[in-house]
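Here's the structure, in structure tokens; my notes come after.
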Amino acid sequence: MSKNVPLYVAPAEAEVTGLPGRLRRRLRWMGERWGRRAAQAGVPPMLLAGRYRRHVPAAEAATASIIHPPAPVPADLPIGLPASGLPREAGWFGFSFSDVPLRAAGPTRLLSIADARVLTGRTAFGDFSPAILDAAGRSLDLREIRHRPFHAPLARRAPDMHRRRAVWIAERVFDNYAHWFTAHLGKLVCLRDLGELGDLVLPMDRPAWVDASLARIGVAPAAELPRGAVLAADELVLLECDRFRPELLTAARSAAADPPGGAEKVFVTRRAARGRRLLGEETFVPFLEAQGFKIAEMEHLTFEAQVALMSRTKLLLAPHGAGLANMLFCAPGTTIIEIADPGYPNPNFYAMAAALGHRYGYVAARGVGAGHPLRRDLEVTRAQIESILDRAA
């Protein structure tokens, strides 16, 4: 199949002049809410310009087999953060810091769907975002996979690829380093071990570290789908799962990590990053070096070098970011310390550490600058770093 399928990118929001921005956003929100409600009530998509569709959980439209039933994943309280200090805001993560100690992992289910289509594209922000439609045109939703209005032109197109059977695992922003290793590698290992990967279809133009990780687990796609293309399958196979399921993450570690050995203490610096830098590093990096820490710039290490370093690491200290996803390659019992802004309480790395059997610590940084908290720089003091390391000792 030709690789020259036009890339569909969601259009940026159109400018509407003559109305205050707040009113404009309010009217848009009301229109979108009406469209979603109308679709759920059964209004045909063609009467809604194809922008809105009825949404159903993918498992409701599938033949499903349970691989792992729901189960608790107990976690110790974070080092440096008492129970009373655990944030309760779930945000868009579906659970909060305060939920992690008693969190129950959802089931892992193998799904088989007849006559399905996969629509791929990018949002207005440039993020890869897939949707799955069944023969009735309903959006079959999984975590990070659902139909959105910008998929409408793709839904009207003829398929670019047709397969009798296809296995699909790519979620929204699969090409983000942390998302790949927290949400995708474990699914692939599980499907491999179930003997279900013979018809794997992956998006084309993947980052090099994706293919390097595939090589480590002995997996290669049967077909590659250009971004912006539409895949039709007589049978579409999916794995629905909790991304922080211990069985998935520990299996991924066993398949992809180097043999453990060593006692490195590693600090991941973001001084070369474009955003979310750690201000004031110069005040405590000399202290860390005196304590035997290796200062690592992950952007300057190959994927293989990162995996090798993590296999030798016993303590990983890092600002919130992709570098922490490398805990996947650390031996069980490694101490993981996250530096993050409590104004944006993201519990994912805490849950990941619990699933992998690591000790987890937290340093509350101060967000610096305007804009979304995820993009702000962070600031911590040497006293905070010394305190968390004393507690972790």
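Each step along the sequence shown adds one to the number in full-length UniProt numbering, with nothing skipped, and position 179 is 179. Using N, Cα and C, we set each Cβ at its ideal position, and we do this for glycine too. Since this is a predicted model, take the numbers as computed values, not measurements.
Under the three-state DSSP convention, the category residue i falls into
i, result
"Gly361", "strand"
"Met204", "coil"
"residue 395", "A query on residue 395 cannot be resolved here, the shown segment of the chain reaching from 1 to 393 and no further."
"Phe181", "helix"
"Ile66", "strand"
"Glu386", "helix"
"Val380", "coil"
"Ser139", "strand"
"Val237", "strand"
"Leu288", "helix"
"Pro153", "helix"
"Ser2", "Any reading at Ser2 must be qualified, since the residue scores a pLDDT of 37, below 50, and its modelled position is unreliable; the value itself is stated next. Here Ser2 sits in coil by DSSP."
"Leu77", "coil"
"Val100", "helix"
"Leu356", "helix"
"Ala83", "helix"
"Asp115", "strand"
"Thr250", "helix"
"Arg54", "coil"
"Glu281", "helix"
"Leu27", "helix"
"Tyr8", "Any reading at Tyr8 must be qualified, since the residue scores a pLDDT of 34, below 50, and its modelled position is unreliable; no value is offered."
"Pro373", "helix"
"Arg270", "coil"
Residues near residue i in its chain [Cβ-Cβ closer than 7 angstroms; skip 5 each side]
i, result
"Ala155", "Gly50, Leu119 and Leu133"
"Glu282", "none"
"Ala12", "Residue confidence is low: Ala12 scores 40 on pLDDT, short of 50, so the model does not pin down where it sits. No coordinate-derived value is stated."
"Arg270", "Arg276, Arg277, Leu278, Pro319 and Gly321"
Other residues of its chain near residue i: CB distance less than 8 angstroms, five sequence neighbours each side excluded
i, result
"Asp377", "Gly275, Arg276, Arg277, Leu278, Leu279, Gly367, Val368 and Gly369"
"Met204", "Lys3, Glu224, Leu225, Pro226 and Arg227"
"Pro259", "Ser311"
"Ile217", "Leu185, Leu188, Val189, Arg192, Ala252, Ala255 and Ala256"
"Ile79", "Thr335, Ile337, Arg359, Tyr360, Gly361, Tyr362, Ile388, Arg391 and Ala392"
For residue i, the residue or residues it bridges with in DSSP
i, result
"Ile337", "Leu317 and Gly361"
"Phe293", "Lys265"
"Gly367", "Leu378"
"Met161", "Leu231"
"Trp92", "In the DSSP output, where bridge partners are listed per residue, Trp92 has none listed."
"Phe128", "Arg122"
"Glu144", "The partner list for Glu144 (beta bridge, DSSP) is empty, contrary to what the question assumes."
"Leu133", "Arg117 and Ser139"
"Arg109", "Ile66 and Glu240"
Neighbourhood of residue i by C-beta, 6 angstroms cutoff - its chain only, sequence neighbours within 5 removed
i, result
"Glu144", "Glu171 and Arg172"
"Glu304", "none"
"Ile385", "Phe284"
Integer Cβ distance of residue i from residue j, believed to fall under 8 angstroms
i, j, result
"residue 395", "Glu297", "Nothing about residue 395 can be read from this structure; the chain reaches only from 1 to 393."
"Phe293", "Lys265", "5 angstroms"
"Ala116", "Ala233", "6 angstroms"
"Asp175", "Pro207", "5 angstroms"
C-beta contact flag for residue i and residue j at 8 angstroms
i, j, result
"Leu356", "Leu324", "no"
"Tyr350", "Val100", "yes"
"Glu240", "His68", "no"
"Leu238", "Ala58", "yes"
"Arg148", "Ser129", "yes"
"Asn326", "Phe93", "no"
"His55", "Ser112", "no"
"Pro159", "Leu231", "yes"
"Leu197", "Val167", "yes"
"Ala222", "Leu200", "yes"
"Met352", "Leu249", "yes"
"Tyr344", "Leu374", "yes"
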